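Engineer: The structure that follows is given in the form of structure tokens.
There are 2 protein chains.
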Amino acid sequence: MNDRLPASLVDRLKEIVAERNVITDDHGRAPFENDWRDQWHGRAAAVVKPGSTQEVAAVVKVLAGERIGIVPQGGNTSMCGGSVPDESGTQVVVSLSRVNRVREVDAANNTMTVEAGCVLASLQELADENGRLFPLSLGAEGSCEIGGNLSTNAGGTGVLRYGNTRDLVLGLEVVLPDGRVWDGLRGLRKDNTGYDLKHLFVGAEGTLGIITAAVLKLFPKPRSVATALAAVASPAAALTPLANLRDAVGERVTGFELISRVCVDLVMKHIPGARDFLPQRYPWYVLVELADSSEGHALATLLEQSLGAAAEEGVILDAVIAASQAQGRELWNLRENISEAQKLDGASIKHDVSVPVSRVPDLIERAGAQLAAKFPGIRIVAFGHAGDGNIHYNCSKSERQEAKQFFAESPQVNHIVYEIVNDLGGSISAEHGLGVLKRDEIKRYKSALEIELMLAIKRTLDPHGLMNPGKVL
Amino acid sequence: MNDRLPASLVDRLKEIVAERNVITDDHGRAPFENDWRDQWHGRAAAVVKPGSTQEVAAVVKVLAGERIGIVPQGGNTSMCGGSVPDESGTQVVVSLSRVNRVREVDAANNTMTVEAGCVLASLQELADENGRLFPLSLGAEGSCEIGGNLSTNAGGTGVLRYGNTRDLVLGLEVVLPDGRVWDGLRGLRKDNTGYDLKHLFVGAEGTLGIITAAVLKLFPKPRSVATALAAVASPAAALTPLANLRDAVGERVTGFELISRVCVDLVMKHIPGARDFLPQRYPWYVLVELADSSEGHALATLLEQSLGAAAEEGVILDAVIAASQAQGRELWNLRENISEAQKLDGASIKHDVSVPVSRVPDLIERAGAQLAAKFPGIRIVAFGHAGDGNIHYNCSKSERQEAKQFFAESPQVNHIVYEIVNDLGGSISAEHGLGVLKRDEIKRYKSALEIELMLAIKRTLDPHGLMNPGKVL
Chain A
4 MNDRLPASLV DRLKEIVAER NVITDDHGRA PFENDWRDQW HGRAAAVVKP
54 GSTQEVAAVV KVLAGERIGI VPQGGNTSMC GGSVPDESGT QVVVSLSRVN
104 RVREVDAANN TMTVEAGCVL ASLQELADEN GRLFPLSLGA EGSCEIGGNL
154 STNAGGTGVL RYGNTRDLVL GLEVVLPDGR VWDGLRGLRK DNTGYDLKHL
204 FVGAEGTLGI ITAAVLKLFP KPRSVATALA AVASPAAALT PLANLRDAVG
254 ERVTGFELIS RVCVDLVMKH IPGARDFLPQ RYPWYVLVEL ADSSEGHALA
304 TLLEQSLGAA AEEGVILDAV IAASQAQGRE LWNLRENISE AQKLDGASIK
354 HDVSVPVSRV PDLIERAGAQ LAAKFPGIRI VAFGHAGDGN IHYNCSKSER
404 QEAKQFFAES PQVNHIVYEI VNDLGGSISA EHGLGVLKRD EIKRYKSALE
454 IELMLAIKRT LDPHGLMNPG KVL
Chain B
4 MNDRLPASLV DRLKEIVAER NVITDDHGRA PFENDWRDQW HGRAAAVVKP
54 GSTQEVAAVV KVLAGERIGI VPQGGNTSMC GGSVPDESGT QVVVSLSRVN
104 RVREVDAANN TMTVEAGCVL ASLQELADEN GRLFPLSLGA EGSCEIGGNL
154 STNAGGTGVL RYGNTRDLVL GLEVVLPDGR VWDGLRGLRK DNTGYDLKHL
204 FVGAEGTLGI ITAAVLKLFP KPRSVATALA AVASPAAALT PLANLRDAVG
254 ERVTGFELIS RVCVDLVMKH IPGARDFLPQ RYPWYVLVEL ADSSEGHALA
304 TLLEQSLGAA AEEGVILDAV IAASQAQGRE LWNLRENISE AQKLDGASIK
354 HDVSVPVSRV PDLIERAGAQ LAAKFPGIRI VAFGHAGDGN IHYNCSKSER
404 QEAKQFFAES PQVNHIVYEI VNDLGGSISA EHGLGVLKRD EIKRYKSALE
454 IELMLAIKRT LDPHGLMNPG KVL
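Chains as they are written, first to last, in the working numbering: chain A, 4 to 476; chain B, 4 to 476.
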């Protein structure tokens, strides 16, 4: 038993959400106190699981009245420790998992209104059943919840064409830090009636209020897909086919991933059944995907023409176009297995960074040169969404080095990468947010004025600092 | 001469922007004090025309120090009186028209960084010269400035495919109410490092600070266009071809405009050379446009197939597909001449409203019935961007009625329309903003909590209430 909350308070919470939905024992709390990456281990006074917006509001009102810190939690898949309590044992986790109704699907408006606890994959399915696409897609989709996706403005593989989670939402319902409910659940594509409050809560990582429901945009379903893997001499050479493709087929470019040879070698070493798709070795590859709502083979022809033209110019060195959906899937597997292969290969230091697309080659060249000079033997495992400037700029230790020593160097490694990213006008957290992980680091890279504005907004909306304390700011 | 500003203050402003850029005489001030619709006539203490962000900042610092209200102004094409000073003679207009440099075009990043005073049409041309599209397009594009477009989150004809101005911006530079400059000029598609401040300033109508520059998104150029005019029995019947088209051709649907027969009759009556495009009269029409970055005639075929299928189902009663670009232009002229024709026909009351797309038929039916019952003979001139739910729900007086009496009834007419819009989850200002025109009306339709949140943000960022006083809130 955890005895940090007075029994009378626990009783008041149980009155709101029913006894079984207030968890105070160590065993019951544990899954909510520890993150899935096993890097942050907190201790909560209790976990409360309300079943509706009204219950969330009532719980927040009670906790706010007692000045107790509140940690909103969805699927608890944060990469940055944003969803777990600190070690004080004084914070209460408010789990949104039971607030998970689908309120409405309005196919003619291309929207669905859903509650925060809906699991992302179930919303993808719901859209599909209604003849539409909900394009948010990411590794954790089987367990992450839309409230968390919204609170972290999740990225994923659909950003190039459809934007971040922020771009997929029309309206929000939010429980404010004092327990009042802001009903901003509008399903409008045009509404110019004052400040856009929803964009304040999206990406705020639960520090300004708890998102309880949202009106999400739906899109036409893609019905044909064409996929190719092309070899290029350098990241700079990869920009030419990207520009040509976008020029030729517009927003049908749904994927443009950059992959270094180091990545391919790691996958072939560690992932059973992985194979090289081209007869020769090349230093860099791009994985290209086109998708369209029309049926038929027009896309594959467009892709072949565009890559053919690039090959004639000498920009593309070789390429394979998937002959079937299965082969297209195989090409994507190469890309998606890189993280796993890198993990199996031993210690790594990861950077989820973004720069303007035009600066991706600079980032890779400059960071590679500086790291090689300072840490001989370090292996750069660079890959990612080059089409939107988001590179997973990861580093693996040299084969001789001990993991412990390598990790001890991570502050210097991070410093080199982040300074270059900053110099190129980039971001040190492209899609994963700040959470606890980058809360302090960001102060080096954001202007004092921007931090001041963020703090002013935080104090305005959450004057007692109760919402997800210690995260973001 | 205007003598409301102390000479010493005028001298300080002249030191910053040079003598000729501080305008105090009546004749010089007049164009900045009156709106183009000739509905708002203010009086400014002075008009100041800084030539750079640094000059804007210095001017704001001086004015804020003296607690003088500041009215930021771009092309002064606001529909709601948002860009002119009040009648007190104490406010200073800060014109952004001289802050109009193009700072960078980064074609590989699909962005351009431009200053607030750039005229929209010049930015469309700049994008075009760089082989890209900047899709914001609206009636005032020859004189409105991008800073004003951003401050009002302008809509226009490209919203269905490309979104509002808000969706076209990656980064901002803003002079805050105390004269400090927030540099948020990031050209990133992914950046999850804290609260998204830019969305606060976009659409704030200059009440939170002065936008001085922005990083704007560029898109692939459309190279083929297909246009059609189709007759349908009702607004409800128009939703079917919209859904079918989006399903078949995805985001290539760039225009879907609803037009009532009343509108067509007005155009044919007042616009020389206007003609009916179909042999029979029908109650409603939709103007459909598809566009694609690919060349060739594939689009026209898709459009023909889709409309053909709808005709077989009896949803479409008749249709004409433009055989040439010139004919496509002619179809659009019908749509674009409605406002002019309505003006020539006499007194009208206009409503720039939006509802969920699925509710457009409800809006038209319910408002039409209630208005007809209360104001016999009133003519409903309903048309607009049905594809994004934004209807220009305009009313013309009956032919017998005097204009004066009709205008006297406008509060009741507005009330009927706005109550129905509100009941359908809509917005009373879809694309024109609040300005002065709807500042008070909005309080009826937004929750007290939402108004409170907006006021709290206003007070936080502009504690002395100096930025565009009396607008929005």
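Every residue, glycine too, gets a C-beta built ideally from N, C-alpha and C.
On a predicted model such as this, the values are computed, not experimentally measured, just so you know.
#1: Mark Gly380(A) as exposed unless 16 or more other C-beta atoms lie within 10 angstroms of its C-beta, in which case mark it buried.
#2: Residues of chain B with a CB under 8 Å from the CB of Thr116(A): which are they?
#3: Determine whether the beta carbon atoms of Ile352(A) and Asn417(A) lie at a separation below 9 Å.
#4: Is the beta carbon of Ala47(B) closer than 9 Å to that of Glu36(B)?
#5: Can you find a C-beta in chain B that's less than 9 Å from the C-beta of Met470(A)?
#6: Distance cutoff 9 Å, beta carbons only. Does Pro238(A) sit that close to anything in chain B?
#7: Put Asp268(A) into one of helix, strand or coil per three-state DSSP.
#8: Can you name, in chain order, every residue of its own chain whose Cβ lies under 8 Å from the Cβ of Ala491(A), other than the five neighbours on each side?
#9: Counting only the same chain and skipping the five closest in sequence on each side, list residues whose C-beta sits under 7 Å from that of Phe259(A).
#10: If you run the structure through DSSP and keep just helix, strand and coil, what is Met470(A)?
#11: Is the Cβ of Met4(A) closer than 9 Å to any Cβ of chain B?
#12: Can you look up Met4(B) in the DSSP assignment and give me helix, strand or coil?
#13: Can you tell which of Ala231(A), Asn393(A), Val356(A), Pro9(A) has the C-alpha that lies nearest to the C-alpha of Val256(A)?
#14: Going along chain B, which residues have a C-beta under 8 Å from Trp185(A)?
#15: Report the partner residues of Asn152(A) according to the DSSP bridge assignment.
#16: Quick check on Ala233(A) - is its C-beta less than 9 Å from some C-beta in chain B?
#17: Find the nearest neighbour of Cys266(A) within the set Arg101(A), Gly92(A), Asp109(A), Cys398(A), judged by alpha-carbon distance.
#18: Is it true that the stretch 415-434 of chain B meets the stretch 63-79 of chain B, where meeting means three or more beta-carbon pairs spaced less than 8 Å apart?
#19: If we ignore side chains and look at the alpha-carbon of each, how far apart do Trp39(A) and Gly438(A) end up?
#20: Please name the residue, chosen from Trp335(A), Leu248(A), Tyr285(A), Leu320(A), that lies closest to Ala303(A) on a Cα-to-Cα basis.
#21: Between Leu337(B) and Val270(B), what straight-line distance do the alpha-carbon atoms span, to the nearest angstrom?
#22: Shortest alpha-carbon distance to Ala130(B) belongs to which of Ala143(B), Thr116(B), Gly120(B), Leu141(B)?
#23: Taking Val122(A) as the reference, which of Ser297(A), Asn113(A), Leu139(A) has the closest Cα?
#24: Who are the near neighbours of Val105(A) in its chain, counting only those whose CB is closer than 6 Å to its CB and skipping five residues on each side?
#25: From the beta carbon of Phe386(A), is the nearest beta carbon of chain B less than 9 Å away?
#26: Helix, strand or coil, according to DSSP, for Phe259(B) in the structure here?
#27: Who are the near neighbours of Leu136(A) in its chain, counting only those whose CB is closer than 7 Å to its CB and skipping five residues on each side?
#28: Would the stretch 350-368 of chain B and the stretch 305-324 of chain B be scored as touching if the rule is three or more Cβ pairs under 8 Å?
#29: With a cut-off of 9 Å, does the C-beta of Asp38(B) fall near any C-beta of chain A?
#30: So, are the CB atoms of Leu175(B) and Gly187(B) less than 9 Å apart?
#31: At the 9 Å Cβ level, is Arg338(A) part of the contact set with chain B, yes or no?
#32: Cutting at 8 Å between CB atoms, please list the residues of its own chain near Asp181(B), excluding the five before and the five after it.
#33: What's the call for Arg462(B), buried or exposed, on a 16-neighbour Cβ count within 10 Å?
#34: Quick one: what's got a C-beta closer than 7 Å to Arg403(B)'s C-beta in the same chain, skipping five residues either side?
#35: So, are the CB atoms of Leu171(B) and Leu219(B) less than 9 Å apart?
#36: Looking only at its chain, what residues have a beta carbon closer than 8 Å to the beta carbon of Thr93(A), apart from the 5 residues adjacent to it on each side?
Structural biologist: Quick look at the numbers:
#1: Position 377 of the first sequence, counted from the start, is the residue given in the question as residue 380(A). It is exposed - the Cβ of Gly380(A) has fewer than 16 other Cβ atoms within 10 Å.
#2: Counting from one through the first sequence, the residue named residue 116(A) turns up at place 113. Near Thr116(A) there are no residues of chain B at all, since even the closest Cβ is about 10 Å away, more than 8 Å.
#3: Locating residue 352(A) in the first sequence gives position 349, where the first residue counts as 1. Locating residue 417(A) in the first sequence gives position 414, where the first residue counts as 1. Result yes, Cβ atoms of Ile352(A) and Asn417(A) sit closer than 9 Å.
#4: Looking up residue 36(B) in the second sequence gives position 33. Looking up residue 47(B) in the second sequence gives position 44. Contact flag set, yes.
#5: Counting from 1 along the first sequence, the entry for residue 470(A) is found at position 467. No, Met470(A) does not count as interfacial toward chain B.
#6: As a first step, residue 238(A) must be located in the first sequence, where it is residue number 235. No, its Cβ sits nowhere closer than 9 Å to a Cβ of chain B.
#7: For this step, residue 268(A) is matched to residue 265 along the first sequence. Here Asp268(A) sits in helix by DSSP.
#8: Lying outside 4 to 476, the shown extent of chain A, residue 491(A) is not represented and no answer is given.
#9: Translated into positions along the first sequence, residue 259(A) becomes position 256. Leu163, Leu245, Val289, Val291, Ala389, Gly390.
#10: Within the first sequence, numbered from 1, the residue matching residue 470(A) stands at position 467. Correct three-state label for Met470(A): strand.
#11: On the first sequence, residue 4(A) is found 1 positions in, with the first residue counted as 1. With a pLDDT of only 43 at Met4(A), under 50, the local geometry of the prediction cannot be trusted, and the value read off the model is given with reservation. Not an interface residue.
#12: Along the second sequence, read from residue 1 onward, the residue named residue 4(B) stands at position 1. Interpretation of Met4(B) is limited by its pLDDT of 43, a score under 50 that renders its predicted location unreliable; no figure is taken from the coordinates.
#13: On the first sequence, position 253 is the one that residue 256(A) refers to. Nearest of Ala231(A), Asn393(A), Val356(A), Pro9(A) to Val256(A), Cα basis: Ala231(A).
#14: Mapped onto the first sequence, residue 185(A) falls at position 182. Correct list: Ser450, Leu452, Glu453, Leu456.
#15: Here the question's residue 152(A) lines up with position 149 in the first sequence. BP columns for Asn152(A) are empty, so no partner.
#16: Working through the first sequence from its first residue, we reach residue 233(A) at position 230. Ala233(A) does not count as touching chain B.
#17: Position 263 of the first sequence holds residue 266(A). For Cys266(A), the closest alpha carbon among the candidates Arg101(A), Gly92(A), Asp109(A), Cys398(A) is that of Cys398(A).
#18: In the pairwise beta carbon analysis, the stretch 415-434 of chain B is classified as not touching the stretch 63-79 of chain B: fewer than three pairs are separated by under 8 Å.
#19: Walking along the first sequence from the start, residue 39(A) turns up at place 36. Walking along the first sequence from the start, residue 438(A) turns up at place 435. Whole-angstrom Cα-Cα distance: 14 Å.
#20: Here the question's residue 303(A) lines up with position 300 in the first sequence. Selection Trp335(A), Leu248(A), Tyr285(A), Leu320(A) evaluated against Ala303(A) yields Leu248(A) as nearest (Cα-Cα).
#21: For the purposes of this step, residue 337(B) is identified with residue 334 of the second sequence, where counting begins at 1. For the purposes of this step, residue 270(B) is identified with residue 267 of the second sequence, where counting begins at 1. Whole-angstrom Cα-Cα distance: 7 Å.
#22: Looking up residue 130(B) in the second sequence gives position 127. Selected option, being the one with the closest Cα: Thr116(B).
#23: Along the first sequence, read from residue 1 onward, the residue named residue 122(A) stands at position 119. The shortest Cα separation from Val122(A) among Ser297(A), Asn113(A), Leu139(A) belongs to Leu139(A).
#24: Counted from its first residue, the first sequence places residue 105(A) at position 102. Excluding residues within five positions, the ones whose Cβ falls inside 6 Å are Val117.
#25: Reading the first sequence from its first residue, position 383 is the one you call residue 386(A). No, its Cβ sits nowhere closer than 9 Å to a Cβ of chain B.
#26: Walking along the second sequence from the start, residue 259(B) turns up at place 256. In the structure shown, Phe259(B) adopts extended strand secondary structure according to DSSP, grouped into three states.
#27: To locate residue 136(A), count along the first sequence from 1; it is residue 133. The residues are Ala130, Leu221, Phe222, Pro223, Lys224, Pro225.
#28: no
#29: One-based indexing of the second sequence puts residue 38(B) at position 35. No, Asp38(B) does not count as interfacial toward chain A.
#30: Translated into positions along the second sequence, residue 175(B) becomes position 172. Translated into positions along the second sequence, residue 187(B) becomes position 184. In this structure, Gly187(B) lies closer than 9 Å to Leu175(B) by Cβ.
#31: Residue numbering aside, residue 338(A) sits at position 335 when the first sequence is read from its first letter. No, Arg338(A) lies away from the interface with chain B (no Cβ there is under 9 Å from its Cβ).
#32: By 1-based counting over the second sequence, the position of residue 181(B) is 178. Within the same chain, Asp181(B) has close Cβ partners Val63, Lys64, Ala67.
#33: Reading the second sequence from its first residue, position 459 is the one you call residue 462(B). Arg462(B) is exposed by the Cβ-count criterion.
#34: As a first step, residue 403(B) must be located in the second sequence, where it is residue number 400. Only Gly380 meet the Cβ criterion.
#35: Against the second sequence, residue 171(B) aligns to sequence position 168. Against the second sequence, residue 219(B) aligns to sequence position 216. Closer than 9 Å, so yes.
#36: Taking the first sequence and counting its residues from 1, the one referred to as residue 93(A) is at position 90. Counting only Cβ-Cβ distances below 8 Å, and skipping sequence neighbours, we find Arg7, Ala48, Ile71, Gly72.
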